[in-house]
Each structure stands twice: as C-alpha cells, then as structure tokens.
Amino acid sequence: MNRLVPLAFAAMAALTGCASQSAADQLAPRSQTVRLCQGNTCAEQDRRVATFQTSPVDAEAERRMQALADVAARNPNAAYDLGLRLLRGDGVERNSYQALEWLRKAGDNGHAEAQLALGRLYLMGFEEMGPDPAEAEAWLTRAAAKGSKEARDLIPQAQAAKRDEQAAYQVRDAYRKQWFAWYTTYPYYWVWGPSGWYQR
C-alpha cells in the first residue's frame, strides 16, 4: 500500500500537466503544405492554394481518347486496343477498371485476344483485383474455342486453381463453424477484480 501512494501522486502530477495544455498545444503543428496526387504523380502544394480544373489536363489526348471510345463502342478491335491502352497507361491515364470493361466488351464480341487477356488477368489477378479462377477458365475456354493455343495451355492451370479455391473455401467454411464455439466458450485466464487483474 505504501508503494501505491507515491505512484498515485506521480500519476496525478502527470495528468495535471496534460490538463494545463490547450487543445491546440496538444496537436501537432499544422503543415503549410498538402500532398496532392493525380495518377502516378504526387506533389506538395501550399495549403492556401485552391485548385479547380475546368478543362482536361491535355485536351488533345482527351479528344483522341473520346474518339477511340466512340469507335470502340461498335468495333471489338478498337475496344481491345482501348482496353490495352487503359491497362498500360499508354496515351491515357491508367485505369484498370475501365480497361477490364473495354476488354470484356471486346471479348463478349468474340475478340480472341481480349478473351485470352481476360483469362490471364483473372487467373493471376491484377492490382486491387484478386484472382478468380472460375472467371479465368470461362474466358480461356472461349479463347481456346477460337483457336488460341496459349489459352488451351492455361485452362488446366485455371481448373487447378479453381479446385484449390473450392478446397480453400471448404476449409474456411468448416473452420468458420468451429470458430463460433472457440469464440464464445473458451475461458479467460485473467479477470478484473477490485484490486486489478488477477489470474484464476
């Protein structure tokens, strides 16, 4: 008990020191700049500067992009080309979501190279998108039906990955059922009492 008294006084003194600071003093100093990122580049900019972009960064590039999108809406080769450009960031800002959309449009219209590209992307995963072996198998099967040897060679890999994914799901599902029992019934070793934590 005698050891607790000095400890209590030290804690009160520390808390009193914190309470005497204002909220502004407790915060870290505010930086005069803010980090702005656009596409693949980032820069520090003065916090007081307001930016509002009323026109595209490169009006000519935007015009060309829109013209290609117009053609791609009715031509699978152009849709495939636009998908690749968006995937690579070639002449346009990289956008993997739009790239997949255009590649799917080309693939749905029978473009074998787009089907193969989609099969590969879904088999391996890309950026924020994880692998989807079932979707990969579907696209690779379509490309193989069009005569793609590479797609035929990749189909067994997609099927194996799909089996592994199904097996992994079954394991997760079985453990999920066991998890609830563990989560709710296993006892604690330490409990809180009137004088602090103690072991049972």
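Add 103 to the 1-based position in the sequence shown for my numbering, that's all there is to it.
Idealized CB from N, CA, C, for every residue including glycine.
None of the values given here were measured: they were computed from a predicted structure.
### Query
Between the Cα of residue 165 and the Cα atoms of 178, 151, 193, which residue gives the shortest distance?
As a first step, residue 165 must be located in the sequence shown, where it is residue number 62. Taking each of 178, 151, 193 in turn and checking the Cα distance to residue 165, the smallest one comes out for 193.
### Query
Run through DSSP, which three-state label would residue 301 get?
Position 198 of the sequence shown, counting from 1, holds the residue named residue 301. Looking at residue 301 - three-state DSSP - the assignment turns out to be strand.
### Task
Consult DSSP for residue 235 and reduce its assignment to one of helix, strand or coil.
Within the sequence shown, the letter at position 132 stands for residue 235. Annotated three-state conformation of residue 235 is coil, per DSSP.
### Message
I believe residue 222 touches residue 205 by the beta-carbon criterion, under 8 Å. Please report the beta-carbon distance rounded to the nearest angstrom.
### Response
Against the sequence shown, residue 222 aligns to sequence position 119. Against the sequence shown, residue 205 aligns to sequence position 102. Going by Cβ atoms, the distance from residue 222 to residue 205 rounds to 16 Å, so no, they are not a contact pair.
### Message
Report the CB separation of residue 224 from residue 236 in whole angstroms; it is logged as a contact under 8 Å.
### Response
If you number the sequence shown from 1, residue 224 lands on position 121. If you number the sequence shown from 1, residue 236 lands on position 133. Not quite, the Cβ-Cβ distance comes to about 12 Å (not below 8 Å), so this is no contact.
### Message
Between which two residues does the alpha helix (DSSP H) holding residue 195 run?
### Response
For the purposes of this step, residue 195 is taken as residue 92 along the sequence shown, with counting starting at 1. Judged by DSSP secondary structure, residue 195 falls outside any alpha helix (DSSP H); it is assigned neither H nor E.
#### Entry: Reference residue 210; option with closest CA among 232, 259, 176, 197
By one-based count along the sequence shown, residue 210 stands at place 107. When each option's Cα is compared against that of residue 210, the closest is 176.
### Task
My understanding is that residue 254 touches residue 219, with C-beta atoms under 8 Å, so please give their C-beta distance in whole angstroms.
Here residue 254 refers to the residue found at position 151 when the sequence shown is read from its first residue. Here residue 219 refers to the residue found at position 116 when the sequence shown is read from its first residue. About 5 Å; that satisfies the 8 Å criterion.
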